[in-house]
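>
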Amino acid sequence: MSAIQAQLETLRQQLRHHNHLYYVLDDPQIPDVEYDRLFRELQSLEAAHPELITADSPTQRVGAAPLSEFGEIRHAIPMLSLGNVFSDEELLAFDKRIHDRLKSDAETEFVAEPKLDGLAISILYENGIFTRAATRGDGETGEDVTQNVRTIKSIPLHLMGEGWPAKLEVRGEIYMPKAGFEAFNAKMRALGEKTFVNPRNAAAGSLRQLDPRLTAQRPLDMFCYAVGLVEGGAVPDTHYAILQQFRAWGLRVCPDICVVSGAQGCLAYFREIGAKRSSLPYDIDGVVYKVNAIATQQELGFVSRAPRWAIAHKFPAQEEITELEGVEFQVGRTGALTPVARLKPVFVGGVTVSNATLHNMDEIERKDVRIGDYVIVRRAGDVIPEVARVIPDRRPADAQVIVMPTHCPVCGSEVERPAGEAVARCTGGLYCPAQVKEAIKHFASRKAMNIDGLGDKLVELCFEQGLIRHVDDLYRLQAAQVAALERMGEKSAENLINALEKSKATTLERFIFALGIREVGESTAKVLARHFGSFEALQAADEAALLQVPDVGPVVATNIAHFFSEPHNRDTIGHLRELGIHWQNYVVKPIEALPLAGKTYVITGTLSRSRDEIKADLEGLGAKVAGSVSKKTTALIAGENAGSKLEKAESLGVAVLDEAALSVLLTR
Ligand code: IVH
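According to the numbering used here, the sequence shown holds residues 28 to 695 in order.
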């Protein structure tokens with residue numbers, strides 16, 4: 028090998044290694060500039076010696092010219108699909124069929140995997156080198172998407188390690204991570220271009236671009252989950268070991284895969300993943316269980332086009348079609364009118380949905396929703412159901428355009444929509460019963476006055492029965508009045524009165540937050556409390572003084588000043604204080620004088636108090652609390668079951684404090 032060749036090979040090895048750390052392991056070890064420098068070095072060396080360029084060189088991901096159409100690739104081994112089950116009973120029946128066929132009572136060992144919502148792909152490695160990629164197509168023949176797939180950076184162009192068979196076909200799912208999908212759609216929206224409906228369509232659309240340069244710009248990724256053809260070598264004898272082997276070869280495998288035992292193990296996994304679903308970085312539509320032992324897979328074989336040794340357990344559909352029967356406008360705490368769709372009831376995401384949010388008028392216009400339309404309702408996890416889009420082809424001739432009412436549906440006050448704002452508001456303020464009711468709910472809520480047991484339903488009931496008109500009336504409630512309410516007894520009435528009493532001892536920031544001043548959330552309330560130290564000082568502050576507060580801009584300053592200029596607000600506050608609400612004032616010290624000034628902490632794991640509470644304490648002492656560990660972190664506060672943040676802190680040599688050390692810190 029010539030010196031140039033050796034130099035090229037070293038550079039390629041280095042780039043492959045860092046590419047793997049960055050894209051597959053998500054754990055980069057050199058700064059981007061360093062990577063770019065190596066990359067440019069390789070590029071210029073290759074430019075000087077074009078005859079030495081190889082197809083698996085890291086520089087060769089993009090570059091192929093656009094195609095006029097995709098070629099066809101016949102799969103050496105057909106790409107099958109999976110049978111589905113939708114319930115625990117069906118899953119038990121699947122497990123029983125396996126026992127019956129194997130004539131065995133022993134628990135079956137399965138590998139349980141998320142069912143990724145992307146598209147299936149087959150990649151062929153010859154002597155460790157990426158040679159071609161095909162879509163599933165009809166299972167027998169797929170499309171040749173080699174040039175597009177090679178642009179996906181987490182897919183190695185050259186396998187790592189050793190021991191790969193001379194021919195190895197890897198199968199898996201190409202998908203678009205949720206974050207990438209959101210960012211991509213946001214970009215498209217900003218450019219006034221068409222957006223994708225969901226990450227699955229986005230992945231499929233991106234992969235089927237005839238111009239690989241376009242595919243290269245899309246945030247695609249892949250998880251490998253099966254082998255196809257193996258020639259001139261072997262792979263391990265369990266599915267799980269094969270996946271581990273894939274990892275060692277530098278291929279990306281889903282981290283949420285588990286070995287489970289029997290049908291009960293499968294069901295436990297299904298629930299666990301179901302609970303985590305919305306927080307996973309990728310979209311899934313169920314889970315897949317596969318018999319772990321390859322010999323057993325072979326014994327079980329196939330029926331028609333699906334294996335007997337694997338099954339997909341699907342989540343209930345998250346999107347359904349129904350009719351939009353009408354639209355009502357709900358009035359929130361700040362008077363904002365939210366259009367709510369009244370739907371013909373439909374079963375979606377595991378529950379029956381008859382109302383769904385339409386967000387605001389801009390959204391209605393953007394989606395062109397009309398009353399009478401057939402719409403797609405979406406309910407993802409615990410998220411509020413929404414009208415995702417309409418089916419234009421099914422629009423009836425008499426579909427009605429939705430108009431914002433000119434007057435509040437609750438109090439009749441005028442509705443205003445300031446130019447440039449998405450929300451329209453009822454101008455009724457405290458005259459509007461809807462706004463008052465919402466203000467009371469907010470006042471009582473956990474992060475505000477934290478009145479235990481006074482939930483939204485009970486506020487509604489007290490309000491409708493005329494027991495409360497304003498927040499201060501809460502503290503005038505009598506046990507007997509409460510006990511007489513529907514579904515309340517003496518015991519629960521007494522509990523509520525006690526909770527009200529207890530809530531009177533509060534903190535300045537909670538009280539400020541509880542007032543529900545527009546755009547004064549929890550953190551602004553806290554900043555205001557520390558800055559002014561007392562309620563009197565806050566109330567006396569003019570806009571100029573408010574603008575001195577960090578995080579307070581002109582809009583918030585105006586809102587605060589306006590709130591305190593209203594006589595009825597001042598009256599209510601006076602009444603609340605007469606009724607016994609109290610707190611401790613702060614001694615206002617400049618931040619620099621506080622004991623933890625300039626220090627940054629990160630909190631992780633399970634601790635005996637909520638993170639919010641610990642955060643507030645630390646901030647009270649002048650510290651900052653960040654979301655992720657970096658070299659600048661002073662210390663990580665780690666409770667039980669701390670995970671990746673703890674590892675990161677340890678690897679960076681950042682100090683780690685346990686609960687005991689934390690309490691020492693806080694008593695300084
Ligand atoms: S294994 C013979 N594993 O589901 C087994 N498929 O309904 C072949 N899919 O075409 C597939 N996640 O696109 C397998 N962890 C996973 C999967 C998965 C998603 C897709 C794949 C396949 C379809 C079958």
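All residues carry an ideal CB built from backbone N, CA and C; glycine is no exception.
Quick check on the DSSP output: the beta strand (DSSP E) that includes residue 652 runs from which residue to which?
Residues 651-653.
> Among 125, 248, 135 and 162, which one has its Cα closest to the Cα of residue 99?
Comparing Cα positions, the closest option is 162.
> Mind the definition here: the segment 119-138 touches the segment 207-219 only if three or more C-beta pairs lie below 8 Å; say whether that holds.
Touching, no, given that fewer than three Cβ pairs across the two stretches are closer than 8 Å.
> Would you mind stating whether residue 138 and residue 300 have Cβ atoms separated by less than 8 Å?
Contact flag unset, no.
> Determine the direct distance from the alpha carbon of residue 518 to that of residue 440, and round the result to whole angstroms.
Answer to the nearest angstrom: the Cα atoms are 40 Å apart.
> Under DSSP, the alpha helix (DSSP H) around residue 289 begins and ends at which residues?
289-303 is the span of the alpha helix (DSSP H), which, as asked, contains residue 289.
> Just verifying my parser: in three-state terms, what is the DSSP assignment at residue 427?
Reduced to three states, the DSSP call for residue 427 is strand.
> If distances are taken between C-alpha atoms only, which option among 395, 349 and 391 comes closest to residue 374?
For residue 374, the nearest C-alpha among the options comes from 349.
> Check each candidate in 232, 43, 142 and 646 and name the one with the smallest Cα separation from residue 618.
Checking every option, the nearest Cα to that of residue 618 belongs to 646.
> Is any heavy atom of ligand 1 found at a distance shorter than 7 Å from the C-beta of residue 205?
Residue 205: no, Cβ never under 7 Å from ligand 1.
> Between the Cα of residue 677 and the Cα atoms of 91, 663 and 667, which residue gives the shortest distance?
The shortest Cα separation from residue 677 among 91, 663 and 667 belongs to 663.
> Can residue 535 and residue 628 be called in contact, C-beta distance under 8 Å?
Contact flag unset, no.
> Compare the C-alpha of residue 609 against each of 383, 539 and 187 and name the closest.
Closest by alpha carbon: 539.
> So for residue 158, helix, strand or coil by DSSP?
Three-state DSSP puts residue 158 in a strand.
> Report yes if the C-beta of residue 163 is less than 7 Å from at least one heavy atom of ligand 1; otherwise report no.
Yes, the beta carbon of residue 163 sits closer than 7 Å to at least one heavy atom of ligand 1.
> Could you please give me the residues that DSSP links to residue 145 through a beta bridge?
Paired residues: none, contrary to the question.
> What's the C-alpha gap between residue 324 and residue 172?
In a straight line, the C-alpha of residue 324 is about 30 Å away from that of residue 172.
> In chain order, what residues of the same chain lie with their CB nearer than 7 Å to the CB of residue 83, ignoring the 5 residues before and after it?
Correct list, in chain order: 156, 157, 184 and 185.
> Round the Cβ separation of residue 65 and residue 56 to the nearest angstrom and send it over; I've been treating them as touching at under 8 Å.
Actually they do not touch by this definition, with Cβ atoms about 13 Å apart.
> Any chance the CB of residue 326 is under 7 Å from a heavy atom of ligand 1?
Outside the cutoff, so no.
> Does the beta-carbon of residue 656 have 16 or more other beta-carbons within 10 angstroms, so that it is buried, or is it exposed?
Residue 656 should be labelled buried.
> Let me make sure I understand the geometry here. Which of 145, 42, 644 and 220 has the alpha-carbon closest to that of residue 201?
Taking only the C-alpha atoms, the option nearest residue 201 is 145.
> For ligand 1, I want to know if residue 401 counts as a neighbour, meaning its beta carbon is within less than 7 Å of at least one of the ligand's heavy atoms.
Outside the cutoff, so no.
> Along the chain, where does the beta strand (DSSP E) containing residue 169 start, and where does it finish?
Unbroken beta strand (DSSP E) run through residue 169: 168-170.
> Which class does residue 152 belong to by DSSP, given the choice of helix, strand or coil?
In this structure, residue 152 counts as strand in the three-state DSSP scheme.
> Can the beta-carbon of residue 499 be found closer than 8 Å to that of residue 606?
Their beta carbons are under 8 Å apart, which means residue 499 touches residue 606 by this criterion.
> Using the C-alpha atoms, what's the distance from residue 224 back to residue 205?
So the two alpha carbons sit approximately 12 Å from each other.
> If you measure from the CB of residue 252, is any heavy atom of ligand 1 nearer than 7 Å?
Yes; taking the cut-off as 7 Å, the Cβ of residue 252 has a heavy atom of ligand 1 nearer than that.
> Label residue 707 either buried or exposed according to how many other C-beta atoms from any shown protein chain fall within 10 Å of its C-beta, with 16 as the threshold for buried.
Given a span of 28 to 695 for the chain in the structure shown, any question on residue 707 remains unanswerable.
> Short of 6 Å in beta carbon distance, which residues of its chain neighbour residue 167, apart from the five on each side in sequence? Order them along the chain.
105, listed in sequence order.
> Whole angstroms is fine: what's the gap from residue 312's alpha carbon to residue 650's?
Approximately 42 Å between the Cα atoms of the pair.
> Pairs of beta-carbons, one from the segment 550-565 and one from the segment 521-530, closer than 8 Å: are there three or more?
At 8 Å Cβ cutoff, the stretches do not touch.
> Quick check: residue 199 and residue 102, are their CB atoms within less than 8 Å of each other?
Their beta carbons are not under 8 Å apart, which means residue 199 does not touch residue 102 by this criterion.
> At a Cβ threshold of 8 Å, is residue 389 touching chain D?
Checking the listed chains, one finds no chain D in this structure; it contains a single protein chain.
> Let me know if residue 509 comes out buried or exposed under the rule of 16 or more other beta-carbons within 10 Å of its beta-carbon.
Under this definition residue 509 is a buried residue.
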